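Here the structure comes first, spelled out in structure tokens, and everything after it is commentary.
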Amino acid sequence: MAAPLVNAPKRVRRGEVFEVRTLISHPMETGFRPGTNGTIIPRDIIEHVRCRFAGETVLDMALSPAVSANPYLVFYVRADAGGALEMEWTGDKGFSASYSTAIVVE
Amino acid sequence: MNVGCTRRAFAGGFAVALLPLAANATPETMREAIREVTGDRAVRGGRIVLDIQPLIDNGNTVPMRVRVESAMTDGDRVTALHVFNEKNPQPHVLSVRFGPRAGRAEIATRIKLADTQKVVAVAEMSDGSLWTAGIDVIVTIAACIEGLE
Numbered sequence: 057m058a059a060p061l062v063n064a065p066k067r068v069r070r071g072e073v074f075e076v077r078t079l080i081s082h083p084m085e086t087g088f089r090p091g092t093n094g095t096i097i098p099r100d101i102i103e104h105v106r107c108r109f110a111g112e113t114v115l116d117m118a119l120s121p122a123v124s125a126n127p128y129l130v131f132y133v134r135a136d137a138g139g140a141l142e143m144e145w146t147g148d149k150g151f152s153a154s155y156s157t158a159i160v161v162e
Numbered sequence: 061m062n063v064g065c066t067r068r069a070f071a072g073g074f075a076v077a078l079l080p081l082a083a084n085a086t087p088e089t090m091r092e093a094i095r096e097v098t099g100d101r102a103v104r105g106g107r108i109v110l111d112i113q114p115l116i117d118n119g120n121t122v123p124m125r126v127r128v129e130s131a132m133t134d135g136d137r138v139t140a141l142h143v144f145n146e147k148n149p150q151p152h153v154l155s156v157r158f159g160p161r162a163g164r165a166e167i168a169t170r171i172k173l174a175d176t177q178k179v180v181a182v183a184e185m186s187d188g189s190l191w192t193a194g195i196d197v198i199v200t201i202a203a204c205i206e207g208l209e
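Which chain is which? The protein sequence lines are L and C, in order. Counting from 57, one number per residue, gives the positions in the first sequence under my numbering. Counting from 61, one number per residue, gives the positions in the second sequence under my numbering.
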């Protein structure tokens, strides 16, 4: 199980736009590279990254093999009300990882 | 010396043998991929800042930041952002749909680039307008093409 790293503030002011930085361990195998025996290594990528804050969608990202290994993603969230920041990564071979943290809006 | 030459000749032959496998994206396939998103709607240049270093040492991890100028209010927001390339095996890089909690129409990530090429971003706005920006980057060590050691 890949442990995602998520860097988000614990407390933000109401209406503030805050930055979230995320990193997850994953090979993002393209499906175009030959392995040591000459055959193509099958594709194994993260296909979707989703983020919700306080129950509403922040973003829904579709990845292709052109995203680098160990996908790194920075995005911005508007804090209108406090709640949980929920992240979800899903991909090939049944890959699934999630992360949730509470953010207090003052 | 002799060994080195043989290795090089072998590596070259190997690369040529692989070429038919890599049906790479071309400027045409990139245009088709963009047309799948835009349809027949007009696409205007501007409003997008596509930030990639112009000279890339390592195509396996290329830092990229895309920002669309938008207030991100209910009436005026970016609904989706797409990134395409010309010469990777596939033209699509990523697509982002922004929800109501998105604070800015801006993301940063790392991508793979197989060759010196053009990277293009397309933004869809809530009023239906489409904006685009492109950047030419030079890649010295390509991603995707070489196999495992």
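Quick reminder that beta carbons are idealized off the backbone N, C-alpha and C, glycines included. Just so we're clear, the structure is a prediction, and the values are computed from it rather than from any experiment.
Beta-carbon neighbours of residue 117 (chain L), restricted to chain C and to distances below 8 Å: Within the first sequence, residue 117 (chain L) is the residue found at index 61, counting from 1. Within chain C, the residues near residue 117 (chain L) are 154, 155, 156, 157, 167.
Pick from L:59, L:140, L:134: whose alpha carbon is nearest that of residue 81 (chain L)? Numbered from its first residue, the first sequence carries residue 81 (chain L) at position 25. By alpha-carbon distance to residue 81 (chain L), the top candidate from L:59, L:140, L:134 is L:59.
Going by beta carbon distance, what residues of the same chain come within less than 7 Å of residue 72 (chain L), once the five residues before and after it are set aside? Within the first sequence, the letter at position 16 stands for residue 72 (chain L). Correct list, in chain order: 135.
Just checking: is the beta-carbon of residue 87 (chain C) within a distance shorter than 9 Å of some beta-carbon in chain L? The residue labelled residue 87 (chain C) in the question sits at position 27 within the second sequence. Against chain L, the CB of residue 87 (chain C) has no partner CB under 9 Å away; the residue lies outside that interface.
Given a cut-off of 9 Å on the beta-carbon distance, is the pair residue 124 (chain L) and residue 143 (chain L) in contact? Along the first sequence, read from residue 1 onward, the residue named residue 124 (chain L) stands at position 68. Along the first sequence, read from residue 1 onward, the residue named residue 143 (chain L) stands at position 87. Going by C-beta atoms, residue 124 (chain L) is not nearer than 9 Å to residue 143 (chain L).
Just how far apart, CA to CA, sit residue 189 (chain C) and residue 141 (chain L)? Looking up residue 189 (chain C) in the second sequence gives position 129. Looking up residue 141 (chain L) in the first sequence gives position 85. As the crow flies, the alpha-carbon of residue 189 (chain C) is around 30 Å from that of residue 141 (chain L).
The segment 122 to 150 of chain L: positions lying closer than 9 Å to chain D by Cβ: Considering every chain present, this structure includes no chain D. Its protein chains are L and C.
Can you list the residues of chain C that residue 158 (chain L) reaches, using a CB-CB cut of under 8 Å? Stepping through the first sequence from its first residue, residue 158 (chain L) is reached at position 102. Residues of chain C passing the Cβ test: none, with the nearest at roughly 15 Å.
When you compare only the Cα positions, how much space is there between residue 92 (chain C) and residue 86 (chain C)? Locating residue 92 (chain C) in the second sequence gives position 32, where the first residue counts as 1. Locating residue 86 (chain C) in the second sequence gives position 26, where the first residue counts as 1. Each residue's alpha carbon lies about 10 Å from the other.
Taking the DSSP output, what are the residues bridged to residue 124 (chain C)? Along the second sequence, read from residue 1 onward, the residue named residue 124 (chain C) stands at position 64. Residue pairing by DSSP puts residue 124 (chain C) in a beta bridge opposite C:112, C:169.
Mind the definition here: the segment 118 to 136 of chain C touches the segment 77 to 94 of chain L only if three or more C-beta pairs lie below 8 Å; say whether that holds. Look at the beta carbons and you see the segment 118 to 136 of chain C not touching the segment 77 to 94 of chain L: under three pairs across the two are nearer than 8 Å.
Considering residue 93 (chain C), what are the terminal residues of the alpha helix (DSSP H) in which it resides? By 1-based counting over the second sequence, the position of residue 93 (chain C) is 33. Residues 87 to 98.
Do residue 144 (chain C) and residue 181 (chain C) count as a contact pair if the criterion is CB distance below 9 Å? Reading the second sequence from its first residue, position 121 is the one you call residue 181 (chain C). Reading the second sequence from its first residue, position 84 is the one you call residue 144 (chain C). Contact: yes.
Any residues in the segment 94 to 105 of chain L with a beta carbon nearer than 7 Å to a beta carbon of chain C? Which ones, in chain order? none
Once DSSP output is grouped into helix, strand and coil, what is the label at residue 66 (chain L)? Taking the first sequence and counting its residues from 1, the one referred to as residue 66 (chain L) is at position 10. Residue 66 (chain L) falls in the coil class under three-state DSSP.
Let me see if you follow: with CB-CB separation under 9 Å, is residue 108 (chain L) close to chain C or not? Numbered from 1 along the first sequence, position 52 holds the residue referred to as residue 108 (chain L). Yes, residue 108 (chain L) lies at the interface with chain C (some Cβ there is under 9 Å from its Cβ).
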